[in-house]
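Numbering (UniProt numbering), first residue to last: 1 to 514. Where a beta carbon is used, it is the ideal one built from N, C-alpha and C, also for glycine. Right, one structure below, let's go through it.
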Amino acid sequence: MDGTFDCIVVGSGHAGSCAALSAVEAGCKRVLIVEKAPQEWVGGNGFFTAGAHRTVHSGLQDLLPIVKNVPAEAASTIDIHPYSAEEFTNDIMRLGDGQSDPALVKAVVDDSRDAIQWLADSVKVPFTVAFNRQAYLVQGRQVFWGGLALSVDNGGKGLIAAHQQALKQAGVEVWFDTPAVELIREEECVTGLVVLRDGQRTALHAKAVILACGGFESSIEQREKNLGLHWRQAKVRGTPYNTGDGISLARTLGVKLAGDYAHCHSTCWDANAPSHHGDRVLSNQFTKSGYPLGIMVNAHGRRFVDEGEDFRNYTYAKFGAEILRQPGGFVFQVWDSQVVDWLRKEEYGEGIVEKFWAESIQELSEKLSENGLEDIAAFFDTVMTYNVATKTSQIESPGREWDPAIKDGLSTHSSRHTLEPPKSNWALPLTKPPFLAVKVACGITFTFGGLAIDPETAGVISELTGKPMPGLFCTGELVGGLFYKNYPGGSGLTAGAVFGRNAGREAARIAQKA
């Protein structure tokens with residue numbers, strides 16, 4: 001076996017695939033992807049996503065050439081407002097409490113639209129307008145909200161399938177069941193990688209190594225160490241193979257760590273989903289994102305967040321963590337018949353989630369008490385108090401109408417009632433039977449802490465020199481410093497593409513120079 005390559009990528013997910021394809025496109029002759037997981041787990045966390053990509057754009061007409069699901073006659077019924085670089089930047093910075101590295105944010109934002117075009121043209125990613133996820137049908141029009149409009153046909157499954165086809169056509173070798181165990185360094189340069197191949201340590205030589213093997217969310221021990229003891233019970237949304245290997249490999253070389261090791265991307269997740277890995281069939285359908293249309297209560301029967309604080313794709317990554325903090329690590333989402341038809345069928349359809357139906361709040365509380373609700377009286381009081389607050393607010397502000405596509409201001413606030421926590425938008429009283437509830441837990445997606453990189457080259461920064469370590473690069477969820485505490489939905493896949501492309505191009509430059 002010839003163990004010499006121009007570039008080796010560790011990880012077969014979206015970001016790693018982008019890096020490998022970019023390296024080939026930029027001139028690398030022989031590129032290898034090594035993947036710890038078996039072939040049936042190809043794609044890392046990217047496989048389990050909905051395929052959402054956040055990008056700067058100038059509106060519907062800008063996106064139409066790259067999407068596959070908008071017939072010409074339908075375009076006139078779609079409202080997608082432009083999403084500027086300033087808006088994208090502000091969304092990352094405000095959700096991260098201003099702690100995100102401005103240079104990393106600028107790189108993602110400025111290169112987002114070009115990266116999307118590259119994915120469409122070079123990788124043949126089948127982009128779609130995300131009607132089912134990011135729009136509501138309001139008065140005959142599809143109205144998009146939350147700054148996000150693009151998804152992928154068949155979600156993460158379609159995304160990874162496109163990558164696999166592109167990698168095959170580009171001649172990229174992919175070795176499964178091949179964990180990386182050591183980086184090879186000669187003087188100050190990374191010159192290869194030691195892997196376990198058929199159980200044997202095998203040294204591979206390369207002019208560049210790109211780490212794209214995710215964070216540590218699948219390791220119970222690492223979650224407990226960095227995030228806290230209660231994170232042991234979080235449900236892993238994606239691959240079970242993201243156990244912090246990239247961080248461990250790089251730390252032996254004295255690289256600089258960066259980012260928020262105390263927080264992560266999480267979400268509202270089906271309480272009956274597997275605990276330690278995602279489901280390759282249902283994948284993202286375990287998400288339960290309909291909470292802005294109703295209320296969430298914990299095992300003690302009390303609300304604990306402002307469900308209408310912001311659009312769902314700006315709050316779900318932090319509300320998952322709030323669910324985990326509740327007694328027992330689970331909560332109930334509750335709606336009445338006014339909004340049930342607005343819930344996404346992919347997440348709440350028949351056979352997807354266990355549903356609790358009732359003709360009264362009392363009956364619903366009794367059913368929930370058989371499934372973890374500890375205080376029926378408190379639950380009843382919570383709903384009644386919420387109903388009074390919403391009705392009083394409507395009386396004081398009669399001009400406001402419920403509209404899930406905008407921040408409608410329909411709230412629990414009034415001069416006569418102060419509800420804590422409030423519901424700031426989309427607050428309707430729960431009065432029209434039948435009533436519906438589902439039980440949800442916390443699903444962990446990826447961790448925010450990782451490696452420090454140069455935003456232009458994706459080169460990993462040395463702790464000693466403060467400069468990129470020659471021959472070592474990083475992309476995807478392993479990048480640290482981009483997200484803190486929370487993040488705007490769809491940013492992760494875009495960042496993986498941006499830094500993956502940068503890493504691949506730089507790897508090719510090094511190979512050609514050598």
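query	result
Let me check one thing: in DSSP terms, what residues is Q142 bridge-paired to?	I78 and L137
Helix, strand or coil for W426? Go by DSSP, reduced to three states.	coil
Just reading off the alpha helix (DSSP H) that D177 is part of, what are its end residues?	Element bounds for D177: n/a, residue is neither H nor E.
Near Q233, what residues of its chain come up, given a Cβ to Cβ distance below 6 angstroms and the 5 sequence neighbours on each side ignored?	G329
Which residue comes first and which comes last in the alpha helix (DSSP H) that contains Q61?	L60 to L63
Do the segment 233 to 253 and the segment 428 to 435 make contact, defined as three or more Cβ pairs closer than 8 angstroms?	no
Could you pull the start and end residues of the beta strand (DSSP E) that D6 belongs to?	T4 to V10
Which residues does DSSP pair with E186 in a beta bridge?	C189
In the DSSP assignment, the alpha helix (DSSP H) including T382 goes from what residue to what residue?	I376 to E396
Can you list, in chain order, the residues of its chain with a C-beta nearer than 6 angstroms to that of D336? Leave out the 5 residues immediately preceding and following it.	L430, K432 and F435
Rounded to whole angstroms, what is the Cα-Cα separation between K168 and L119?	16 angstroms
For V105, which residues in the same chain have their Cβ closer than 8 angstroms to its Cβ, ignoring the five residues on either side in sequence?	T89, I92, M93 and L482
Can you tell me whether N69 is helix, strand or coil according to DSSP?	coil
For G489, tell me which candidate among A206, C264 and I210 has the shortest Cα-Cα distance.	C264
Report the residue ranges of all beta strand (DSSP E) runs contained in full by the segment 188 to 223; include only those spanning at least 3 residues, in chain order.	189 to 197 and 200 to 211
Determine the DSSP secondary structure at N486, reduced to helix, strand or coil.	strand
Taking the alpha helix (DSSP H) that G16 falls in, what are its first and last residues?	H14 to E25
So what does DSSP say about Y241, is it helix, strand or coil?	coil
Please report the distance separating the alpha-carbon of T55 from that of A103.	17 angstroms
Provide the residue(s) that pair with G450 in DSSP beta bridges, ordered along the chain.	A258
Going by the beta-carbon positions, is the gap between A437 and F319 smaller than 8 angstroms?	no
Would residue 551 and G500 qualify as a contact pair, given that the criterion is a beta-carbon distance under 8 angstroms?	Residue 551 lies beyond the range of the chain shown here (1 to 514); nothing can be said about it.
State the Cα-Cα distance for the pair G399 and R237, rounded to the nearest angstrom.	42 angstroms
For Y386, verify whether its CB is less than 7 angstroms away from any heavy atom of the ligand PLP.	This structure lacks the ligand PLP; in fact it carries no ligand of any kind.
Once the 5 residues before and after P38 are set aside, which same chain residues still bring their CB inside 8 angstroms of it?	F176 and D177
Give every residue of the same chain whose Cβ lies closer than 7 angstroms to the Cβ of N502, excluding the five residues on either side of it in the sequence, and list them in chain order.	E456, T457 and A458
Among P470, V498 and Q512, whose alpha-carbon lies nearest the alpha-carbon of L19?	Looking at the sequence shown, residue 19 is not Leu but Ala. Of the listed residues, the one whose Cα sits closest to A19 is V498.
So for W118, helix, strand or coil by DSSP?	helix
DSSP beta-bridge partners for C264?	T447
Measure the Cβ-Cβ separation of G13 and G480 and say whether it is below 8 angstroms.	no
Rounded to whole angstroms, what is the Cα-Cα separation between R113 and I66?	11 angstroms
Among all the DSSP beta bridges, which residues are the ones paired with L493?	L493 is not bridged to any residue.
With 16 other CB atoms within 10 Å as the buried threshold, where does Q326 fall?	buried
Taking DSSP as the reference, what is the three-state secondary structure of V339?	coil
For the alpha helix (DSSP H) that contains N90, what are its first and last residues?	A85 to L95
Taking the alpha-carbon of G171 as reference, which of Q333, K423, E25 and G372 has the nearest alpha-carbon?	E25
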